[in-house]
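Numbering (this note's numbering), first residue to last: 178 to 901.
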């Protein structure tokens, strides 16, 4: 629940606008009250200006900020003067202005695919299918930015928000750009320097939340915790997924599974595309009796093989759906592919749809959903002139529809005390704690990595799923990347591709998919950090603690503790990222035989060999086709399970790798992997330590708190010291 500060504002009938400035010298005519910031938790300030709309990005999601976790974070001062943040109401719209320092970098503002730094860009934050341009129309246009100064701001409005990120030059600026003459000055710029970040919210008021931090990662952590923390998926969700062709039958699915097992490929989730339904585009959400004559038996057979079933659907309800007449009064004025669009703000609509899902899917053992086409385009979803029976404007419904679908289905599984993990095409602020990963049909490998990096700034998850490739080289490179993402998935819905579709790299694809399975203990711990502490499991290099501003580098402050990432800020880093606390991943793309990797300060070691890769420098690597470059920080510990092909509940031994010459500590998270009992405290952290003696010898130890249960590991711990 968001704590709000209300203000009373008097508007004169003849006034065109009322100035709601936070400057001390400004008052609203006829009103002695002024908007004030309130520190609602350590490093979190909130304000409510004007007349904020009751419906916002968080109001419908039932979220509960993790105040205890926020208050447990290190104290942080706000590095921006709140009096310099200005608000105005003009023509029924709210204008917001933040100051920008020279050299200050801005990150976030939606799931962008081509750019990481947003200064100098103009965006309209609008839920939509990504169309190839970073213009604000995207699957998760979260109105949150994080600054390299060490603070962030969230604008809580479910409207199409325009952002001018250091583009508009005001005549009252304190830092006017140099006036240049294009006729005589060869350095003339069409984009003069701007010292402000401005937003236009098409509403008479808005709520804004500021977050401070000791570094940018702290800022993002606070934002995620404010939104309820991150998701902790079931363990099976971190295995390997395979989505079968659209019109596969139950027998063909079984044959596909048998082939996976025969070839020794891991498989934990089977995804069924539109053909599982009796009608799709629009949907009945009911099983097709010809392809799946016994759906309950089919799903149970897969569960007996330790494979979960994930079902595709989109919002449109078919005229042939058995609940068509019941849901019709609670649907929009417009349709999607001739399907009725439920108004999920209405309890009646949610009840009807959830009862239908429960009857045809959950009661049969289905483990999750792929919720498609709740993002756009405009000619697929409703236009802004559409109406909804709840009275919700179409614009606001567009901004939160994917979020509403995520909450609704999450609640359904939560009631069963059964964790789910799925895919979705649309999200926004507040969805970090929902068990969904964003995907789309745009298919550019390099841009997929940029999106993976950007997702870490805004509290969502993104997967660079694999669908098809022109060559075996591209196929393997895509497989290597997806195995270091939130969902390791092959999506064969269109052309029936399989992991072994390119025989010359089948062995390497098998190896990387098995490595994904081996990494589950490490990845599961990273997601626990997302859930309890707000730390993105896969994240931008810019979020690594100690990231330095340009001016620090110019002064030569290259310190391994205070400024460990000084080498990286010279350019926009959008092709390498962190996984968990210790792994740096640097993908290669088709056609590349080598690449540059920026290593933060401190020593980094090759994941595969344990050899020193470099120390605070830019290295050039040529790993060959077989491997994706992965590096481990000095003292890093990586726990690995055996190369299993399924998760059958067996307690496993662990190989615990240690890299470098420093001592290390790793807190390994464990719970039952399937239920929400961890919310009641039913989880355990095992403490793994490696001590280094003066002579360089190493000694590893695993400590289990007395009386705590261990669900996943059998107590056989083998330490492997990778660096001699």
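All C-beta atoms, glycine included, are put in the ideal place defined by N, C-alpha and C.
Relative to the Cα of residue 825, the nearest Cα in the group 485, 449, 317 belongs to 485.
For residue 235, same chain residues with a beta-carbon under 8 Å away, outside a window of 5 residues either side, are 179, 333, 404, 606, 607 in chain order. Contact between residue 636 and residue 400 holds, with the beta-carbon distance rounding to 6 Å and staying under 8 Å. Taking 8 Å as the cut-off, the beta carbon of residue 589 is found closer than this to the beta carbon of residue 534. Within the stretch 509 to 571, the complete beta strand (DSSP E) runs of at least 3 residues fall at 516 to 519, 545 to 548.
A buried status is given to residue 419, since no fewer than 16 other beta-carbon atoms sit within 10 Å of its beta-carbon.
The stretch 601 to 621 and the stretch 669 to 689 do not touch, with fewer than three beta-carbon pairs separated by less than 8 Å.
Scanning its chain for C-beta atoms nearer than 6 Å, with the 5 sequence neighbours on each side dropped, one finds around residue 372 the residues 277, 350, 352, in chain order.
Taking the Cα positions, residue 875 is about 17 Å away from residue 782. Between residue 763 and residue 806 a beta carbon distance of about 4 Å is seen, short of the 8 Å cut, so the two are scored as contacting. Apart from the 5 residues on each side of it in sequence, residue 539 sits with its Cβ closer than 8 Å to the Cβ of 589, 590, 593 in its chain, given in chain order. Between the stretch 652 to 668 and the stretch 620 to 636, the count of C-beta pairs closer than 8 Å reaches three or more; the two stretches touch. Counting C-beta atoms within 10 angstroms of its own C-beta, residue 664 has 16 or more neighbours from the protein chains shown and is therefore classed as buried. In this structure, residue 487 and residue 446 form a Cβ contact; the two beta carbons are roughly 6 Å apart against a cut-off of 8 Å. By the neighbour-count criterion, in which 16 or more other beta carbons inside 10 Å mark a residue as buried, residue 356 falls on the exposed side.
Apart from the 5 residues on each side of it in sequence, residue 872 has no Cβ closer than 8 Å to any other Cβ in its chain. Closest in alpha carbon position to residue 310, among 295, 433, 867, 829, is 295. Residue 865 sits away from residue 412, with the two beta carbons spaced by 8 Å or more. In chain order, 527, 530, 578, 581, 582, 585 place their CB closer than 8 Å to the CB of residue 521, counting only its own chain and leaving out the 5 sequence neighbours on each side. Counting along the chain, residue 214 sits inside no beta strand (DSSP E), nor does DSSP assign it H or E at all.
In the three-state DSSP reduction, residue 500 falls in the coil class, being neither helix nor strand. When the alpha-carbon of residue 466 is set against those of 459, 455, 473, 292, the nearest one is in 455. Non-local C-beta neighbours of residue 814 in its own chain, meaning closer than 6 Å and more than five positions away in sequence, comprise 835, 841, 843, 865, ordered along the chain.
One Cα belongs to residue 384, the other to residue 883, and the distance between them is close to 46 Å. Taking every protein chain shown into account, the CB of residue 326 has 16 or more other CB atoms within 10 angstroms, so this residue is buried. Under the three-pair Cβ rule at 8 Å, the stretch 218 to 232 counts as touching the stretch 257 to 273.
As for any alpha helix (DSSP H) of minimum length 4 sitting wholly inside the stretch 577 to 645, the runs are 622 to 635, ordered along the chain. The beta carbon of residue 288 lies closer than 7 Å to those of 315, 316, 317, 615, 628, 631, 632, 635, 637, 639 in the same chain, with the five residues before and after it left out.
Following the DSSP letters along the chain, one finds residue 473 inside the alpha helix (DSSP H) bounded by residues 472 to 481. Within the same chain, and ignoring the five residues on either side of residue 537 in sequence, the residues whose Cβ sits closer than 7 Å to its Cβ are 462, 463, 464. Of the residues 675, 691, 291, the one whose Cα lies closest to the Cα of residue 421 is 675. By the Cβ neighbour-count rule, residue 654 is buried, with 16 or more other Cβ atoms within 10 Å of its own. Of the candidates 823, 648, 819, 819 places its Cα closest to the Cα of residue 894.
Pairing residue 789 with residue 816 gives a Cβ-Cβ distance that is not under 8 Å. Per DSSP, residue 718 lies in no beta strand (DSSP E) and is assigned neither H nor E. By the Cβ-count criterion, residue 554 is exposed, with fewer than 16 other Cβ atoms from all chains shown falling within 10 Å of its own Cβ.
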